[in-house]
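Trainee: After the structure tokens below, expect a handful of questions from me.
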Amino acid sequence: AARNYFAKNASDLNPAEAALLAAIPNLPGYYSPLLRPENAERRRRLVLRRMIDQGFLPPEDFERYANAPIPTERAVAGGSVAPYFEEWVRQILDDRFGSKLYTAGLNAYTTLDVRMQRAADVSMKEGWARIEARPGFEHLTYQAYQDSIAAGVVLDDQQYVQGLFIALDPWTGSVRAMIGGRDFKTSKFNRANQALRQAGSGFKPFVYTAAIASRIPTTFVIVDAPVVTMQVDGTEWRPGNFSNRFEGPMTLRTGLMRSQNMIAIKLAEEVGLESVAQTARRMGIRSEIERYHSTAIGAVEVIPLQMAEAYSTFANQGTKVKPFPILRVEDAAGRILWDPQPERTEVLDPLVARIMISMLEGVVAGGTGYNAIRYEYGPVALPYEVAAGGKTGTTNDGTDIWFNGFTPNLLATVWFGMDLPQEIWPNATGAGAPAPVWGNFLKRVYYGDPDALDPELREPVIPIPEPWAISDGLVTRLIDASTGKLASQWCPQDEQRLEMFLPGTEPMEYCDRDDFGLFRAPAN
Numbered sequence: 004a005a006r007n008y009f010a011k012n013a014s015d016l017n018p019a020e021a022a023l024l025a026a027i028p029n030l031p032g033y034y035s036p037l038l039r040p041e042n043a044e045r046r047r048r049l050v051l052r053r054m055i056d057q058g059f060l061p062p063e064d065f066e067r068y069a070n071a072p073i074p075t076e077r078a079v080a081g082g083s084v085a086p087y088f089e090e091w092v093r094q095i096l097d098d099r100f101g102s103k104l105y106t107a108g109l110n111a112y113t114t115l116d117v118r119m120q121r122a123a124d125v126s127m128k129e130g131w132a133r134i135e136a137r138p139g140f141e142h143l144t145y146q147a148y149q150d151s152i153a154a155g156v157v158l159d160d161q162q163y164v165q166g167l168f169i170a171l172d173p174w175t176g177s178v179r180a181m182i183g184g185r186d187f188k189t190s191k192f193n194r195a196n197q198a199l200r201q202a203g204s205g206f207k208p209f210v211y212t213a214a215i216a217s218r219i220p221t222t223f224v225i226v227d228a229p230v231v232t233m234q235v236d237g238t239e240w241r242p243g244n245f246s247n248r249f250e251g252p253m254t255l256r257t258g259l260m261r262s263q264n265m266i267a268i269k270l271a272e273e274v275g276l277e278s279v280a281q282t283a284r285r286m287g288i289r290s291e292i293e294r295y296h297s298t299a300i301g302a303v304e305v306i307p308l309q310m311a312e313a314y315s316t317f318a319n320q321g322t323k324v325k326p327f328p329i330l331r332v333e334d335a336a337g338r339i340l341w342d343p344q345p346e347r348t349e350v351l352d353p354l355v356a357r358i359m360i361s362m363l364e365g366v367v368a369g370g371t372g373y374n375a376i377r378y379e380y381g382p383v384a385l386p387y388e389v390a391a392g393g394k395t396g397t398t399n400d401g402t403d404i405w406f407n408g409f410t411p412n413l414l415a416t417v418w419f420g421m422d423l424p425q426e427i428w429p430n431a432t433g434a435g436a437p438a439p440v441w442g443n444f445l446k447r448v449y450y451g452d453p454d455a456l457d458p459e460l461r462e463p464v465i466p467i468p469e470p471w472a473i474s475d476g477l478v479t480r481l482i483d484a485s486t487g488k489l490a491s492q493w494c495p496q497d498e499q500r501l502e503m504f505l506p507g508t509e510p511m512e513y514c515d516r517d518d519f520g521l522f523r524a525p526a527n
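Here is the structure:
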């Protein structure tokens, strides 16, 4: 806060500045010096008087500090195209260089792509507008919040929908765009790298990854049927699917495409919750992961930047990259003082990762992400020439909605929710808002937007990448999609698909719809 308002360290604040910062937290919107300077000044005078009462300020200094000017503009990131990103960079540099950052004429070069950032800004604004126009949306709109501030009416600044966006290069980890909230001026809290939010269905790929790594194939069949487990307090937990229907036997591929909760819960039980937690941990999730059945369907809080890091393991075929924003720092003479290098760590067998890419491509091509991203008459209609995989994320109570997705050369995470968690709109889903934002961002990046008001958005930003190849070492078989067995003349030809397997896990039986049943995982 000291940097945001006064461009100095907290230890360097004078009493007037310290009193102002102490005044704001009680009612941030009401006492904001940027929005309500007269209220901030009045509150600061109260804090200064209490400092005198407590012996921290001589009485004769009161008038001097009480009449100090109130900052009505941000001291940093005021005109930045990416203020949340810029503040993140500043914090990193402050930790490394201290006061030299502000006095030695250092030059920092960052990973930000301004055109991608602008594409993200436009796409997120469309997403917020889409949410606020939804039937059943009953929260304060952001425009109503701004109007109330202008009219002098105090409203809770947690009542409108927030959001975040992260784009990074999955091969290096360089962050190309970042949005940490609706407006940096009114809320400097960076939700992209500071918030802890429930992952929802976006956590399920870690369950499936643990299963594939345990040599359970994508064709393994689980019955989508009710689950009842006893909780620690002795009560029963009876989860359901989003559709409130149970659909019987289905393969792992179909279970992930449809985001069926029962399949994820039973699969986590099959491979072990410890294995699931350790898989997520290796891939980049560093927040606490409880070993409960509900964890399998996303009842775990995550930091969004760590979700992006974890999903980079898929796009990068087994190698995790640590997100970073700084390319190099030079002194005033141009000498390089810091040249951070990409941090790449192989955490998955590349063959396992390649199978998971195929699974997550299925989510976009025909699963929960299809209508929002690929459908010809949908809000995006992203062409199939852009190879893409990802996963919608939705919590059971509709308080957190996500889309985490990637192509061979770009990864993006999108989230919407309220700072004080509550249902965004009835039956809110990751497909309803985050997935279209993600898809529209990709279209702008790969194809440009000829109708954009911003000239920089009219041309493509990066080339369309080549799709992922089938990795050497994998076994491929033509499979009947419903039974998970080898395709045969006894099963519909239009339900056949080419499936990838770790050697030794491919099915040996040919399909016959009369003998559809629960399969066992191949032995190690």
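Read in order, the letters of the sequence shown are residues 4 to 527 in my numbering. For glycine and all other residues, C-beta sits at the position ideal for the given N, C-alpha and C.
1. Quick one: what's got a C-beta closer than 7 Å to A490's C-beta in the same chain, skipping five residues either side?
2. Grab me the residues of M127's own chain with a C-beta within less than 7 Å of its C-beta, minus the 5 sequence neighbours each way, in chain order.
3. Between the Cα of P528 and the Cα atoms of L354, Q120, A356, which residue gives the shortest distance?
4. Which runs of the beta strand (DSSP E), 3 residues or longer, sit entirely within the stretch 379–447?
5. In the DSSP output, what is R185 paired with across the bridge?
6. Looking at C-beta atoms only, is the number of pairs between the stretch 142–162 and the stretch 389–402 that lie closer than 8 Å three or more?
7. Please report how far the alpha carbon of R289 lies from the alpha carbon of R331, in whole angstroms.
8. Start and end of the beta strand (DSSP E) containing R500?
9. Quick check: what's the CA-CA separation for F187 versus I152?
10. Can you tell me whether M503 is buried or exposed, with buried defined as 16 or more other CB within 10 angstroms of its CB?
11. For E388, is the classification buried or exposed, using 16 other Cβ atoms within 10 angstroms of its Cβ as the cut-off for buried?
12. For F59, which residues does DSSP report across the bridge?
13. So what does DSSP say about P468, is it helix, strand or coil?
14. Thinking just about the alpha-carbon of each residue, which of E66, A43, P343 is nearest to the one in R52?
15. From the DSSP secondary-structure annotation, give me the bridge partner or partners of G251.
16. CB-CB under 8 Å to A313, same chain, minus the five flanking residues each way: which ones, in chain order?
17. Ordered along the chain, which non-local residues of its own chain (more than five positions away) have a Cβ less than 8 Å from that of E277?
18. In three-state DSSP terms, what is K323?
19. Helix, strand or coil: which one does DSSP assign to G301?
20. So, with DSSP's three-state summary, where would you put V178?
21. How should V117 be labelled, buried or exposed, when 16 other C-beta atoms within 10 angstroms of its C-beta is the threshold for buried?
22. Closer than 6 Å by C-beta to T135: which residues in its own chain qualify, once you throw out the five before and the five after it? Chain order, please.
23. Any chance the stretch 256–267 sits against the stretch 222–230, with 3 or more Cβ pairs inside 8 Å?
24. Assuming D236 and I266 make a contact with CB atoms under 8 Å, what is their CB distance in whole Å?
25. For the pair the stretch 184–203 and the stretch 436–450, tell me if three or more CB-CB distances fall below 8 Å.
26. Of the choices M54, T106, R185, A434, whose alpha-carbon is the least far from that of S262?
27. With DSSP as the reference, label E291 as helix, strand or coil.
28. Using only the alpha-carbon positions, how far apart do S217 and Q496 sit?
29. Can you find the residues in the same chain that come closer than 6 Å, C-beta to C-beta, to L23, ignoring five residues on each side of it along the sequence?
30. Look at the Cβ atom of G301, then the Cβ atom of K207, and state whether they are nearer than 8 Å.
31. Excluding the five sequence neighbours on either side, which residues of its own chain have a C-beta within less than 8 Å of the C-beta of M54, listed in chain order?
32. Where does A111 fall in DSSP's three states?
33. Does the beta-carbon of N247 have 16 or more other beta-carbons within 10 angstroms, so that it is buried, or is it exposed?
34. Thinking C-alpha only, which one of P242, E141, E304 is nearest A202?
35. Counting C-beta neighbours from all protein chains within 10 Å, is the total for A80 16 or more, i.e. buried, or is it exposed?
36. Does the separation of the CB atoms of D172 and L413 fall below 8 Å?
Mentor: Let's see:
1. L481, I482, D483, Q499, C514
2. G166, F168, I182, V440
3. Residue numbering for the chain in the displayed model covers 4 to 527; residue 528 lies beyond these limits and cannot be assessed.
4. 392–397, 403–410, 413–421
5. Per DSSP, none; premise fails for R185.
6. no
7. 26 Å
8. 499–504
9. 16 Å
10. buried
11. exposed
12. According to DSSP, F59 bridges with nothing at all.
13. coil
14. E66
15. D227
16. F209, A283, M286, G287, I288, K323
17. R294
18. strand
19. coil
20. strand
21. exposed
22. According to the sequence provided, residue 135 is Glu. The question's Thr does not apply to it. Around E135: T144.
23. yes
24. Incorrect: roughly 26 Å between the Cβ atoms, too far for contact.
25. no
26. A434
27. coil
28. 30 Å
29. R47
30. yes
31. P18, A22, L60
32. strand
33. exposed
34. E304
35. Low confidence applies to A80: its pLDDT is 44, below 50, so where it sits in the model is not reliable, and the reading given next is rough at best. The residue is buried, with at least 16 neighbouring Cβ atoms inside 10 Å.
36. yes
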